[in-house]
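S.K.:
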Amino acid sequence: MKALMLVVDDGEAEAIALALHSGARILIDERRGRNTARKLGLEIRGTIGLFVEAKKKSIIKSVKECIDGLLEVGYYVDGELIEEVLRKVDEI
Numbered sequence: 017m018k019a020l021m022l023v024v025d026d027g028e029a030e031a032i033a034l035a036l037h038s039g040a041r042i043l044i045d046e047r048r049g050r051n052t053a054r055k056l057g058l059e060i061r062g063t064i065g066l067f068v069e070a071k072k073k074s075i076i077k078s079v080k081e082c083i084d085g086l087l088e089v090g091y092y093v094d095g096e097l098i099e100e101v102l103r104k105v106d107e108i
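Shown next as structure tokens:
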């Protein structure tokens with residue numbers, strides 16, 4: 017755990033350690049944390065990927081509305097990623 021804290025912040029280190037211990041998939045958005053989790057062989061999912069999965073399962077109606085909600089509260093999402101994802105889910 018201490019070694020992880022040298023690479024990622026405390027919260028990400030704890031999430032990665034828990035996923036390693038339990039074998040669970042990890043929800044993580046920060047690039048450094050995602051890269052570290054991948055290197056450790058973890059299956060990762062980001063917030064946007066979670067929205068896509070939720071739409072496929074008819075849990076939500078619109079990925080765009082969810083992304084817009086994140087943007088409204090100051091969450092950063094790359095514009096090209098937004099466009100790519102919305103095309104993938106047929107929302108543009």
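For the sequence shown, the working numbering gives the first residue as 17, with consecutive numbering after it.
Here a beta-carbon is modelled for each residue, glycine too, at the ideal position from N, C-alpha and C.
Where does R41 sit, in a helix, a strand or coil, going by DSSP?
M.R.: R41 falls in the coil class under three-state DSSP.
S.K.: Could you give the residue range of the alpha helix (DSSP H) that holds I64?
M.R.: Here the alpha helix (DSSP H) through I64 covers T63 to K72.
S.K.: Tell me, to the nearest whole angstrom, how far the beta carbon of A53 is from that of I60; I am working on the premise that it is less than 8 Å.
M.R.: Between I60 and A53 the Cβ distance is about 5 Å, and since that is below 8 Å, they are a contact.
S.K.: Please classify I108 as buried or exposed, where buried requires at least 16 neighbouring CB atoms within 10 angstroms.
M.R.: Per the 10 Å Cβ criterion, exposed.
S.K.: How do the segment 40 to 49 and the segment 18 to 31 stand: do at least 3 beta-carbon pairs fall below 8 Å, yes or no?
M.R.: Yes: the two stretches touch, three or more of their Cβ pairs being nearer than 8 Å.
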